[in-house]
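*Asks:* First residue of the sequence shown: 70, per the working numbering; consecutive thereafter.
In this text, a Cβ means the ideal position worked out from N, Cα and C, and glycines have one as well.
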Amino acid sequence: MNYLDTGNITDGCIASIQRIDSGEKLPVRARRKIQKGDIVYSTVRPVQRHYGLISSPVNNMLVSTGFVVIRGNSKKCNTKFLYYFLTQKSVVEKLQTIAENSTSAYPSIRPSDIESLDITLPSLPEQRAIAHILGSLDDKIELNRRMNETLEAMAHTLFKSWFIDFDPVIDNALAAGNTIPEELQLRAAMRESLGDSRKPLPEDVRVLFPDEFTFTDGMGWIPKGWDIKS
70 MNYLDTGNIT DGCIASIQRI DSGEKLPVRA RRKIQKGDIV YSTVRPVQRH
120 YGLISSPVNN MLVSTGFVVI RGNSKKCNTK FLYYFLTQKS VVEKLQTIAE
170 NSTSAYPSIR PSDIESLDIT LPSLPEQRAI AHILGSLDDK IELNRRMNET
220 LEAMAHTLFK SWFIDFDPVI DNALAAGNTI PEELQLRAAM RESLGDSRKP
270 LPEDVRVLFP DEFTFTDGMG WIPKGWDIKS
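(1) Give the straight-line distance between the Cα atoms of residue 259 and residue 76, rounded to the nearest whole angstrom.
(2) Please list, in chain order, all residues of the same chain as residue 177 whose beta carbon is under 8 Å from its beta carbon, the five residues on each side excluded.
(3) In this structure, does DSSP put residue 175 in helix, strand or coil?
(4) Which class does residue 185 belong to by DSSP, given the choice of helix, strand or coil?
(5) Determine the burial state of residue 196: buried for a count of at least 16 other Cβ atoms within 10 Å of its Cβ, exposed for fewer.
(6) Suppose contacts are defined by Cβ-Cβ distances below 8 Å. Is residue 147 in contact with residue 224 by that definition?
(7) Expressed to the nearest angstrom, what Euclidean distance is found between the alpha-carbon atoms of residue 193 and residue 230?
(8) Once you ignore the five residues that flank residue 282 on each side, which residues in its own chain have a CB closer than 8 Å to its CB?
(9) Is it a yes or a no for the segment 151 to 166 touching the segment 85 to 100, going by three-plus beta-carbon pairs under 8 Å?
(10) Could you have a look at residue 21 and say whether DSSP puts it in helix, strand or coil?
(11) According to DSSP, is residue 196 helix, strand or coil?
(12) Taking the alpha carbon of residue 138 as the point to measure from, which residue in 157, 173, 276 and 184 has its own alpha carbon closest?
(13) Nearest by alpha-carbon distance to residue 155: which of 208, 119 and 277 is it?
(14) Would you give the residue range spanned by the beta strand (DSSP E) that residue 102 belongs to?
(15) With H, G and I counted as helix, E and B as strand and the rest as coil, what does DSSP make of residue 267?
(16) What are the boundary residues of the alpha helix (DSSP H) that includes residue 274?
(17) Mind checking who residue 88 pairs with in its DSSP beta bridge?
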């Protein structure tokens with residue numbers, strides 16, 4: 070069994086799904102079944118945007134009772150169009166206002182609050198066209214987000230390689246036949262083991278790094294000529 074809690078989805082992006090193995094006790098709130106095309110919408114603090122359109126449901130998935138599960142009438146309403154209507158800023162803010170005026174222990178809405186919303190429905194072909202345009206924009210935003218994550222990960226990897234592991238300095242020292250400090254010999258051996266797969270830096274970048282190390286009291290061995298500053 071798989072379980073989706075309200076905190077595991079934001080703006081349509083599922084961060085994680087909890088796997089419940091056979092014999093394990095289900096979470097108390099794991100009570101709602103969903104199917105492809107359902108909209109899940111958290112009843113607590115709508116501005117936190119814990120909602121999403123289930124376009125590719127996981128088998129045997131239950132969702133929290135903290136969600137309203139919305140299933141549109143396919144003869145009248147395109148599900149994606151309905152999703153974009155319910156998640157537009159003005160509607161979310163309206164539902165948040167209702168939540169803040171509720172008598173519950175924390176700001177929350179009821180299914181009837183969503184049912185009472187006024188929605189203007191164009192013809193189904195128009196709904197599909199609008200949903201397609203908005204969906205394409207969402208896909209582009211998601212692609213850019215993933216690209217940014219990839220670039221950020223690459224930047225972290227490069228920073229660690231250059232300024233923590235000192236790979237360019239080790240490579241230069243190996244090429245020059247200079248002594249590698251004992252503390253860095255394991256890293257040097259790893260670099261040597263890469264052989265031809267160790268792609269050299271462009272010459273104009275490689276020469277920016279020294280080919281020797283110097284010992285400091287504060288940080289141990291660092292590239293020669295580098296300073297420690299705070």
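*Replies:* By the coordinates alone:
(1) Distance between the alpha carbons of residue 259 and residue 76 is about 42 Å.
(2) Excluding sequence neighbours, residue 177 sits near 112, 113, 114, 168 and 171.
(3) Three-state result, residue 175: coil.
(4) DSSP, reduced to helix, strand and coil, places residue 185 outside both helices and strands of the structure shown, so it counts as coil.
(5) Looking at its Cβ environment, which holds 16 or more other Cβ atoms inside 10 Å, residue 196 is buried.
(6) For the pair residue 147 and residue 224, the CB atoms are not nearer than the 8 Å cut-off.
(7) About 55 Å.
(8) Excluding sequence neighbours, residue 282 sits near 235, 238, 242, 249, 250, 253, 290, 291, 292 and 293.
(9) No, they do not touch.
(10) No statement about residue 21 is possible, as the shown extent of the chain runs from 70 to 299 and does not include it.
(11) Here residue 196 sits in helix by DSSP.
(12) Nearest option by C-alpha distance: 184.
(13) Closest option to residue 155, Cα to Cα, is 119.
(14) Run containing residue 102: 99 to 102, per the beta strand (DSSP E) assignment.
(15) Coil at residue 267, not helix or strand.
(16) 272 to 275 is the extent of the alpha helix (DSSP H) around residue 274.
(17) In DSSP, residue 88 forms a bridge with 71.
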